[in-house]
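The structure under discussion appears below in the form of structure tokens.
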Amino acid sequence: MMTINPFASLAETISPAAIQGFVLVMLALIVIGTVIQMIHHKNVTYFFNNAKKAKLAAEREVGAGEKTVIILKTVVHDIATTSELGAGKRRIAHVMGMYGTILFWVASVVMVFGYTAAGTTAPTVWPMIWHVGAIMTCVGGYWFWLFLRVDVLAEAHPWYRIIKADLFVLALLACATTGLAWSFFQSSGSTGLGYLFLILFITSNIVLFGGVYWSKFAHMIYKPGAAIQKNLAEADGSRDNLPPLADAPKQFGLGIKREQPKHY
Ligand code: HEM
């Protein structure tokens, strides 16, 4: 299973153009959902107004070279390792899910557009990347959803309580899980189960990409933007209109390092 391109096997019954068309529609749904969300939630207007305010409060001009270095550092440190989640399980789970999803999506696009035509065979590395990506997404995502979600970990809600905020993580997990199950049953020759999971895989993708407007999907675009803005605001001294750090020893008692609230 791990070395078989599931889209090539599918292309024996469904035309490659239809599979590619589906991927393009999903891409269009991401753009449409994100743009409508930006207009409706006015988060981009807020972002640019905030950047303008910060510019007025700037204590010094940051040159183009310094800006480039700050942006590169933010990409390598803050974004690529989701540093805002601090050290610990939450960050490991997120990094695993994030890179898993990126591998899963990149390998999907490569295999769908490069290796579904008759007579083409994907190098085995691509199906491997696709399956490993899906497995990483499942490990990181289920770990987060079952054990690390704030409402489960700290608010004592049962793991099976589902709210609108779970739409993104659950749709992502449904895509990875049903994708793996589809590939497994298709490659093992179980035609009925193969088609069942194919339909579930298609449905999960429609929910994930069609639900961008209602879900947390677009945080993967907003979060990097906000991290860059925050680091630029620190460099030019505007600090997002926050006061400078006090020049005094940090004595907060146990404070946020106290035990997690989970005695119910
Ligand atoms: C392919 C890219 C990404 C994927 C698939 C992804 C996936 C996820 C998922 C599934 C969640 C849980 C959502 C929930 O609260 O229900 C999440 C939360 C979060 N993500 Fe991402 N993410 C991506 C990129 C990023 C980036 C680039 C950043 C920051 C620079 C980021 C920062 C966060 C933060 C701070 C949370 C909240 C985590 C928590 O509550 O423990 N994510 N992400």
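Using our numbering, count along the sequence shown one by one with no gaps and you end on 264. The C-beta atom is built at its ideal place from N, Cα and C for all residues, glycine as well.
Query                                                                                                         : Result
Minimum C-alpha distance to arginine 60 - residue among Trp145, Leu232, Ile4, Gly189                          : Leu232
Where isoleucine 162 sits in the DSSP three-state scheme                                                      : coil
Tryptophan 145 beta carbon near the ligand HEM (any heavy atom closer than 8 angstroms)                       : yes
Buried versus exposed call for valine 109 [16 or more other C-beta atoms within 10 Å across all chains shown] : exposed
Distance between glycine 119 and phenylalanine 209 (C-alpha atoms, nearest Å)                                 : 31 angstroms
Reference leucine 170; option with closest CA among Phe113, Leu180, Phe217                                    : Phe217
Local Cβ density within 10 Å of proline 244, reported as buried at 16 or more and exposed below that          : exposed
Valine 98 CB to nearest heavy atom of the ligand HEM below 8 angstroms                                        : First, the residue type needs correcting, since residue 98 is methionine and not valine in the sequence shown. True, at least one ligand heavy atom lies under 8 angstroms from that Cβ.
Threonine 203, enclosing alpha helix (DSSP H) - first and last residue                                        : 191 to 210
Segment limits, alpha helix (DSSP H) that includes leucine 232                                                : 219 to 235
Beta-carbon proximity of tyrosine 115 to threonine 121, cut-off 9 angstroms                                   : yes
Where methionine 1 falls, given that 16 or more other Cβ within 10 Å makes a residue buried                   : exposed
Contact check, tryptophan 143 vs methionine 98, beta carbons under 9 angstroms                                : no
Own chain, CB closer than 6 angstroms to methionine 111, minus 5 neighbours either side, in chain order       : Asn5, Phe7, Ala122, Trp126
Glutamate 84 beta carbon near the ligand HEM (any heavy atom closer than 8 angstroms)                         : yes
Valine 212 beta carbon less than 9 angstroms from that of glycine 33                                          : yes
Cutoff 7 angstroms; reference methionine 128; Cβ partners in own chain excluding five residues on either side : Met2, Thr3
beta-carbon histidine 94 near the ligand HEM non-hydrogen atom, thresh 8 angstroms                            : yes
Phenylalanine 47 CB to nearest heavy atom of the ligand HEM below 8 angstroms                                 : no
Nearest candidate by alpha-carbon position, reference lysine 230, set Ile79, Gln20, Ala28, Ala248             : Ile79
Proximity test, alanine 176 beta-carbon vs the ligand HEM heavy atom, cut-off 8 angstroms                     : no
Alpha carbon of threonine 81 to alpha carbon of arginine 91, nearest angstrom                                 : 8 angstroms
Bounding residues of the alpha helix (DSSP H) (the contiguous stretch that carries histidine 77)              : From DSSP, histidine 77 is part of no alpha helix (DSSP H); its letter is neither H nor E.
Endpoints, the alpha helix (DSSP H) within which threonine 82 is located                                      : Unbroken run through threonine 82: none, as it is neither H nor E.
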